[in-house]
Amino acid sequence: TLQVYGAVMNINRGNPFRKEVVVDSWPDFKAVIIRPQRENEADDLDHYTNAHAVFYKELQAYQELLENTNAINWGQIFQIQGLQAGICEISTTVALSKQVDVKTSSFQMAIHSDPDTLPDVRSQMDPKLTLAYLDIYHASLLSKTWSRGGNLRCQKYLANLICCFPSVCVLDDKGYPLSWSLTDQFATMIHGYTLPEHQGKGYSRLVATTLAKKLHSCGFPAQGNVLATNIPSITLLKSMNAQFLPCLFFRVIHTPFQFLAKSHL
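Residue numbers for the sequence shown follow the UniProt record's numbering, beginning at 1 and rising by one.
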């Protein structure tokens, strides 16, 4: 799966997000989980950082890995990502016995497999504007404008992503971000956004194309996901010659019953 592949590439390049790989057996593995390193202190309410990526060859092997081992810390809020529908099925089955609630969301998966098919956007920006990397001081704005954000844990998570992984933004003449996108710990392009008053000017296409080319130049797959109802983003991706995969991207957020009453999400 692309999420596991991206995470392994980041692990092999210094492991800035401190992930580790767990398999059901070696070398003939049937299930793989990318998880946060256990020796690092974790915030049990931070499902952004407590993120796992999963790939399985045999669904039963994946279920056994979740049920019968300590591969997953079921005492914290965490998320599992992947491109196989069985991830949702197994989470629902196993979580009940662990007294954990699950919430599942699905997205269309898109990939830019060939950098040569990306559009040429170099001449499409006002000379008064600057194309740059995001800064950690932008994390507050990013959190406020992200559909999954709006809280301090998200802001801290986004600041860490900005420090560790590629990002692109358009800055105005005062250094204020107007449009941006960044990359998460699984080498997935996330939170592509343009401020409402600056939409329709081509900034989103400029930012997304530039970030995709940057990822390709670093050897990463340029991939992302989008809600099927987000027509503007789907139109943007089509204009960039993105390929929509037949599989869906799944995110499953797991919350122990003891945390359900807390306002952490």
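Glycine residues also receive a C-beta, built at the ideal position from the N, C-alpha and C atoms. Small disclaimer: the values here were computed from a predicted structure and weren't measured.
Item: Burial state of A187 (16 or more Cβ within 10 Å); Value: buried
Item: Cα-Cα separation, D173 to T130; Value: 7 Å
Item: Euclidean distance between Cα positions of R148 and T49; Value: 13 Å
Item: Assigned secondary structure, I72 (DSSP; H/G/I helix, E/B strand, else coil); Value: coil
Item: Buried/exposed call for H254, threshold 16 Cβ in 10 Å; Value: buried
Item: Residue closest to Q3, alpha-carbon to alpha-carbon, out of A51, W26 and G14; Value: A51
Item: D46 versus F78 - alpha carbon distance; Value: 7 Å
Item: Bridge partner(s) assigned by DSSP for M109; Value: N225
Item: Identified DSSP bridge partners for T194; Value: S179
Item: Beta-carbon proximity of Q76 to P256, cut-off 9 Å; Value: yes
Item: At least three beta-carbon pairs within less than 8 Å, the stretch 104-120 to the stretch 237-250; Value: yes
Item: Buried or exposed (CB count within 10 angstroms, at least 16 for buried), C169; Value: buried
Item: With 16 other Cβ atoms within 10 Å as the buried cut-off, status of residue 277; Value: Residue numbering for the chain in the displayed model covers 1 to 265; residue 277 lies beyond these limits and cannot be assessed.
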